[in-house]
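To start, the structure under review is shown below, and the notes come after it.
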Amino acid sequence: MSNYIPAFLQDIAYLHWFYWLLLVVAGVIGLFVNILGLPGLWLMIVSFICYAWLTGFDVYVGWVAVIAMVSLGVLAEAVEFFAGSAGVAAAGGSKRGMIGAIGGGLVGGIAGTPVFPIVGTIIGAIAGSFGGAWLMEKVWVGRTPEDSTRIGLGAAKGRFLGIVSKTAIGIVMLMVAMWTAAPFGQSPAAILLPAPTTAPTTAPTDTPTTLPVEIEASPAAVVDVPTTLPSVEQ
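Quick note on numbering: the sequence shown equals residues 14 to 247 in my numbering.
Laid out in structure tokens, this is it:
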């Protein structure tokens, strides 16, 4: 009986695995959204924190794992920013060209997704970065078509390197989340069940140990005693 787990505790254990499955799905979606230029890795981090809150901090996920995920997310954002900026700057582009590359990459990634998911998203984001940087440099800055093309190619190269680098870090984040959050390290039943108490080995002192015995007199033992004594004749 000590090993018996009630049905509601079994449901809680299954519920934690269901939360873990949702966390994995959110991580995959975050990787896909990341290609579009949207904060997909932060979706992974928020999902990771929500999982820790739902299952209880330090049960499966602790603060060390949360800090590690946030640090990886910040690193990924920094790598993507510097890679894209370096591509435009190396080609001699301006800040407007950088803005055009970012906006064009977002629009191109969204437009390429329905055509061919993931692959079309990557190609669309790279082509959009090229087009956005070229348009901004040509129209707003007034560069020649040759210079605009050179800057656009630099933006496309930077976008590609940024996508690859950030996606690689995102895969590492997904692996860390899946491993640290997997609910097999500790049984939820052991967490929710109170510590078993032992039954008292001795009976309470106020409880009588023996029952009183009623003694009933036997009719044969009853002797009639006369009320008066007989007179003695002299």
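No residue lacks a Cβ here, since even glycine has one placed at the ideal position from N, Cα and C.
Review point. The alpha helix (DSSP H) with K151 in it runs from where to where?
Key: By 1-based counting over the sequence shown, the position of residue 151 is 138. No alpha helix (DSSP H) holds K151; DSSP gives it neither H nor E.
Check your understanding: Helix, strand or coil for V128 per DSSP?
Key -> Locating residue 128 in the sequence shown gives position 115, where the first residue counts as 1. Three-state DSSP puts V128 in coil, outside helix and strand.
**Study point:** C-alpha gap between V3 and A140, whole angstroms
**Key:** The structure shown does not extend to residue 3, since the chain is modelled only from 14 to 247, so the question has no answer here.
Check your understanding: Does the beta-carbon of W33 have 16 or more other beta-carbons within 10 angstroms, so that it is buried, or is it exposed?
Key -> Position 20 of the sequence shown, counted from the first residue, corresponds to residue 33. So W33 counts as buried.
Check your understanding: Looking at the unbroken alpha helix (DSSP H) that takes in L67, where does it start and where does it end?
Key -> As a first step, residue 67 is located in the sequence shown; it is residue number 54 there, counting from the start. Its alpha helix (DSSP H) spans residues 53-68.
Practice item. Just mark F129 as buried or exposed, buried being the case when its beta carbon has 16 or more other beta carbons within 10 Å. Key: As a position in the sequence shown, residue 129 is number 116, starting the count at 1. The residue is exposed, with fewer than 16 neighbouring Cβ atoms inside 10 Å.
Point to revise | Local conformation of V74 per DSSP, three classes | key: Taking the sequence shown and counting its residues from 1, one reaches residue 74 at position 61. If DSSP states are grouped into helix, strand and coil, V74 belongs with the strands.
Review point. When we look at the beta-carbon of I204 and count the other beta-carbons within 10 Å, is it buried (16 or more) or exposed?
Key: Residue mapping note: residue 204 aligns to position 191 of the sequence shown, counting from 1. Legend: pLDDT at I204 = 46, less than 50; position of this residue unreliable, value from coordinates given subsequently. Exposed, since its Cβ has fewer than 16 Cβ neighbours within 10 Å.
Check your understanding: If you compare alpha carbons, which of L88, Y73, T126 is closest to V46?
Key -> The residue labelled residue 46 in the question sits at position 33 within the sequence shown. The option with the nearest alpha carbon to V46 is T126.
Check your understanding: Using CA coordinates, which residue listed in G97, L166, H29 is at the minimum distance from A65?
Key -> As a working note, residue 65 is residue 52 in the sequence shown. Ranking the options by Cα distance to A65, first place goes to H29.
Check your understanding: Since L49 is in the alpha helix (DSSP H), which residue starts that stretch and which ends it?
Key -> In the sequence shown, residue 49 corresponds to position 36, counting from 1. First-last for L49: undefined, no H or E at that position.
Check your understanding: Would you call the CB atoms of G265 and G100 closer than 8 Å?
Key -> Residue 265 lies beyond the range of the chain shown here (14 to 247); nothing can be said about it.
Point to revise | Local Cβ density within 10 Å of I135, reported as buried at 16 or more and exposed below that | key: To locate residue 135, count along the sequence shown from 1; it is residue 122. Its Cβ being crowded by 16 or more others within 10 Å, I135 is buried.
Point to revise | Reduced DSSP secondary structure (H/G/I, E/B, other) of I197 | key: Position 184 of the sequence shown, counted from the start, is the residue given in the question as residue 197. One point to set straight first is that residue 197 is Phe, not Ile, in the sequence displayed. Coil, per DSSP.
Review point. Quick one: Cα of V132 to Cα of C63, how far?
Key: Within the sequence shown, residue 132 is the residue found at index 119, counting from 1. Within the sequence shown, residue 63 is the residue found at index 50, counting from 1. Their backbone Cα atoms lie some 30 Å apart in a straight line.
Review point. Hey, G137 and A114: beta-carbon distance below 8 Å or not?
Key: On the sequence shown, residue 137 is found 124 positions in, with the first residue counted as 1. On the sequence shown, residue 114 is found 101 positions in, with the first residue counted as 1. Not a contact, by the Cβ cut-off of 8 Å.
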